[in-house]
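So the structure is just underneath, and the comments pick up after that.
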Amino acid sequence: QEKSSCLSAALFGEDCEISRDQLYELLKYAALGKCHNATQPSWCRIYHQSHLAGVVVIVLHEMSQLHFYKFYLQFKHLRRVFRHRFTLTPSANFLASLYGEGANLKPQNTAQGLTSASNECIPKSSNLKCDPIIQKYGEKKQGLTSYTLTVAEQKRNDYPTKGSPKCKGYIYTECDQQRTDRSPLFGLDCEMCLTAKGNEVTHVSLVDAQGQCLLNELVRPESTVVHYRTRFSGITPEMLLPVKTRLSDIQTRLKKLLPPDAVLVGHSLNADLQALEMIHPSVIDTSLLFARSEGRRFKLKFLAKAVLGKDIQCEQKLGHDPAEDARAALELAQFFIEQGPAKVAELNLEMLLATEKLAEVSQKKAALQPQGCMVQKPLTEPTHLSKPCFLECLQVTGQKPLLLGRQEPDSSGLRQSNLSTSNKQILQKALEDVPLSTFSIIQFSFGPENIASHLLAQLCEKVGRKLTDMLTIYAGPFEESFCLKSVKKEFGSCGPIRSLRVVTETYQPYVCIQYEVLEAAQLAVESLNGAEVAGSCIKVQKPVTLSVGTASRMLDCDVLIKELELDVENEGVIYVAGLKKSLTETDLREEFSQLEDLETLFLPKDHQSGKHRNCCFLKFQKSQSAVDALEVINGWTMKGSKLRSRNALASGHLWRWIWQMNHNNGKQRRNVFYKKLEQLPDFEQDLRKKVKKLDHHIKKLYRGLQNNTLCVVLFPGVNSMHGSQSGLGLMGIKDDGGRSAC
15 QEKSSCLSAA LFGEDCEISR DQLYELLKYA ALGKCHNATQ PSWCRIYHQS
65 HLAGVVVIVL HEMSQLHFYK FYLQFKHLRR VFRHRFTLTP SANFLASLYG
115 EGANLKPQNT AQGLTSASNE CIPKSSNLKC DPIIQKYGEK KQGLTSYTLT
165 VAEQKRNDYP TKGSPKCKGY IYTECDQQRT DRSPLFGLDC EMCLTAKGNE
215 VTHVSLVDAQ GQCLLNELVR PESTVVHYRT RFSGITPEML LPVKTRLSDI
265 QTRLKKLLPP DAVLVGHSLN ADLQALEMIH PSVIDTSLLF ARSEGRRFKL
315 KFLAKAVLGK DIQCEQKLGH DPAEDARAAL ELAQFFIEQG PAKVAELNLE
365 MLLATEKLAE VSQKKAALQP QGCMVQKPLT EPTHLSKPCF LECLQVTGQK
415 PLLLGRQEPD SSGLRQSNLS TSNKQILQKA LEDVPLSTFS IIQFSFGPEN
465 IASHLLAQLC EKVGRKLTDM LTIYAGPFEE SFCLKSVKKE FGSCGPIRSL
515 RVVTETYQPY VCIQYEVLEA AQLAVESLNG AEVAGSCIKV QKPVTLSVGT
565 ASRMLDCDVL IKELELDVEN EGVIYVAGLK KSLTETDLRE EFSQLEDLET
615 LFLPKDHQSG KHRNCCFLKF QKSQSAVDAL EVINGWTMKG SKLRSRNALA
665 SGHLWRWIWQ MNHNNGKQRR NVFYKKLEQL PDFEQDLRKK VKKLDHHIKK
715 LYRGLQNNTL CVVLFPGVNS MHGSQSGLGL MGIKDDGGRS AC
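Sequential numbering from 15 applies to the sequence shown in the working numbering.
Set out below in structure tokens:
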């Protein structure tokens, strides 16, 4: 039986914001698998990628996360099918950032129809913070001592260290003086041959900070040579015949050459020190310095070319030159220290490496061409290539990516069609062409760009008002001399309160409470309506708001709450309030450990103070386990505090977005043109119809996809003079039932 592909993503709470690079990472792996340097995404996982029937990306231009929640009820198909959702930052050139294409690609007539561009066209990472180098060292320049390996790092990377049982008999360099940022750097490299003992040194080179060679010696191994490894070591039997220098001689010379505060630099230097049987306390390893994800390492040859522009370890030479390698490693470390992590990250080394591999594929294919054919030599210089478009990699393997919708430059490398802007025409063409392509990008439009951006401020205002209504409750009536502190404590047990004020315009006092999360407001209505609070039997209800410029009421909050509860993103998730703020995430995991099938716990924080809130979200592997947990938790006392719980409404990325909208609402309202706002309701009905049609188009396209197809729907976000709004992504792998799997 054929295996089904599956998608797993930990998009919960604070982890729901995904960068363009991370999205590119997902699409590249989904399209290419492990070939062409594609690796599993760092933020989600695709199981059985080789069984994917295809990848379809649906782009909804001029739309953002704001549009999705403004027209939430109209996006009926999207919210009921895609359980994995994430926030995107808006981008000026969305498609280019989506599939990795350089901004100014110039087509070249190579055999494979690849594209190339000058080094100036290599885009800087849209989010350097996601680069492994920045994550490890930060963005600021630091001295060399910040890049030397700690003792723990040395042990983890198999460096010989003092006191290690494996290093008995090893010679210590006795360089024990305190290191400073002015300590001298020395490049070290060894070549080894395989002997009866194992790897033994046969050639050693040491260079100083100016690149001058201080030591360059052949060494006679103690044991019989089993394999000279001439291709790499450059050592032949004839070369070692006259050699009398032994390892002990090299150890003595190195001890004399190295000053007390010397810092050794090398590429995978642990292997050299192990072969030298020496221990040195301060080292910089360039294979670890130029950090990559998932423990991978760049080769020295690649780094020398990409960073320094130098060719080393050339094939025409007999083996490696240890002096050349030592000098290259030293210069790489000097470049990193002088330029700083941010400049190194901007080199886009991962992209250059992928492009280099792509060029190698081109060379191999060109070599297979029959003699006599005119074939232009493929480009092999990584520093002269743009950020690689993985769609080009698909073309190299004989697959044909598809782009439908807006016109793109011919240099995009995609099959394109001359289509009008009609979404219906795009849909019809997609239904015909998508089954013929392994990777498709389908672009639908919300409307003319100027109208869409013009409406942004008005839509933002209306959504902000609606959210305020949903987060607000009115409680009362209370006695004239009621205790406000008691009211705050009782209603605070439902969740974090944003504001509380006493309404005195009524005959008896009422309290208006605005919460920070939807679940808290709903829980207050459900659990405290009709309860006795501060000596009064009170009613708790939501406000009733009239829509601007009309006599009709806004969408019923109860309908929206019900639909949010049915949203697939909230399946198996419950909200728990009444927690003591002193409880940590570890404490809560221990307290809730008895709950069956508990998968994840999310403890919200105040984005300004960083302190925990008095509520959390619990995600269960099975929906029934969440239902069972609700019965157990309601009325449960934890550390003297009574807990309240209900089904989640905004557990994923929506929670973060609501907080941002609620926080920025006051600022946005001051910038709204109210005269234009008054004209919006007449136009809003048309917008709802458009969105409903758009949702229907996506539903029809999705139903036509083969099972095991990864489908990603993207609201790119809006970034214009009228304002900026984050984008939204929804994704899933279609299963037999027409719904996204996993």
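A virtual CB, placed ideally from N, CA and C, is assigned to each residue, including glycine.
Using DSSP with H/G/I as helix, E/B as strand and the rest coil, what is residue i?
{"i": "residue 743", "result": "strand"}
{"i": "residue 299", "result": "strand"}
{"i": "residue 728", "result": "strand"}
{"i": "residue 453", "result": "strand"}
{"i": "residue 206", "result": "strand"}
{"i": "residue 664", "result": "coil"}
{"i": "residue 267", "result": "helix"}
{"i": "residue 555", "result": "strand"}
{"i": "residue 512", "result": "strand"}
{"i": "residue 77", "result": "coil"}
{"i": "residue 1", "result": "Outside the displayed range of the chain (15 to 756) lies residue 1, so it cannot be described from this structure."}
{"i": "residue 194", "result": "coil"}
{"i": "residue 243", "result": "coil"}
{"i": "residue 495", "result": "coil"}
{"i": "residue 597", "result": "coil"}
{"i": "residue 473", "result": "helix"}
{"i": "residue 748", "result": "strand"}
{"i": "residue 363", "result": "helix"}
{"i": "residue 184", "result": "coil"}
{"i": "residue 351", "result": "helix"}
{"i": "residue 249", "result": "coil"}
{"i": "residue 257", "result": "coil"}
{"i": "residue 432", "result": "Any reading at residue 432 is ruled out, since the residue's pLDDT is 46, under 50, leaving its predicted position unreliable."}
{"i": "residue 733", "result": "strand"}
{"i": "residue 280", "result": "strand"}
{"i": "residue 564", "result": "Confidence at residue 564 is low in this model, with a pLDDT of 33, below 50, so the placement of that residue is unreliable and no value is reported for it."}
Look up residue i in the DSSP assignment and give the residues it is bridged to.
{"i": "residue 615", "result": "632"}
{"i": "residue 626", "result": "619"}
{"i": "residue 61", "result": "20"}
{"i": "residue 489", "result": "525 and 554"}
{"i": "residue 651", "result": "656"}
{"i": "residue 231", "result": "218"}
{"i": "residue 101", "result": "31 and 742"}
{"i": "residue 723", "result": "68"}
{"i": "residue 589", "result": "631 and 660"}
{"i": "residue 546", "result": "551"}
{"i": "residue 575", "result": "Residue 575 pairs with nothing; no bridge assigned."}
Measuring CA to CA, which of the options is closest to residue i?
{"i": "residue 355", "options": "153, 470 and 628", "result": "153"}
{"i": "residue 244", "options": "440, 254 and 453", "result": "254"}
{"i": "residue 501", "options": "246, 337, 729 and 542", "result": "542"}
{"i": "residue 2", "options": "553, 370, 295 and 535", "result": "In the structure as shown, the chain starts at 15 and stops at 756, and residue 2 therefore has no counterpart that could be examined."}
{"i": "residue 236", "options": "227, 257 and 278", "result": "257"}
{"i": "residue 722", "options": "330, 275, 97 and 70", "result": "70"}
{"i": "residue 230", "options": "336, 477, 472 and 92", "result": "336"}
{"i": "residue 509", "options": "419, 485 and 523", "result": "485"}
{"i": "residue 351", "options": "102, 144 and 321", "result": "321"}
{"i": "residue 224", "options": "323, 641, 233 and 342", "result": "342"}
{"i": "residue 95", "options": "40, 73, 584 and 629", "result": "584"}
{"i": "residue 661", "options": "712, 607, 600 and 590", "result": "590"}
{"i": "residue 60", "options": "702, 652 and 21", "result": "21"}
{"i": "residue 213", "options": "228, 238 and 195", "result": "238"}
{"i": "residue 319", "options": "714, 367 and 598", "result": "367"}
{"i": "residue 193", "options": "31, 157, 499 and 263", "result": "157"}
{"i": "residue 100", "options": "35, 30, 155 and 160", "result": "30"}
{"i": "residue 161", "options": "195, 481 and 472", "result": "195"}
Check whether the Cβ of residue i sits closer than 7 Å to any heavy atom of the ligand ADP, and report yes or no.
{"i": "residue 525", "result": "Absent from the structure shown: the ligand ADP. Ligands present: none."}
Is the stretch 283-290 close to the stretch 200-210, with three or more CB pairs under 8 Å?
-> yes
Would you check if there are 3 or more beta carbon pairs closer than 8 Å linking the stretch 543-551 to the stretch 485-504?
-> yes
Given 8 Å, three or more beta-carbon pairs between the stretch 157-175 and the stretch 52-70 | Contact fails: fewer than three Cβ-Cβ distances are below 8 Å.
Fully enclosed by the stretch 514-539, which beta strand (DSSP E) runs are 3 residues long or longer?
-> 524-529
Does the stretch 299-312 come within contact of the stretch 249-268, defined as at least 3 CB pairs closer than 8 Å?
-> Judged by pairs of C-beta atoms under 8 Å, the stretch 299-312 does not touch the stretch 249-268, as fewer than three such pairs exist.
So does the stretch 87-95 actually touch the stretch 574-592, counting three or more Cβ pairs closer than 8 Å?
-> yes
Touch test, the stretch 604-612 against the stretch 628-641, Cβ-Cβ under 8 Å, three pairs minimum | yes
Decide if the stretch 175-189 is in contact with the stretch 300-317; the criterion is three or more beta carbon pairs, one per stretch, under 8 Å apart.
-> The stretch 175-189 makes no contact with the stretch 300-317, as fewer than three CB pairs between them are under 8 Å.
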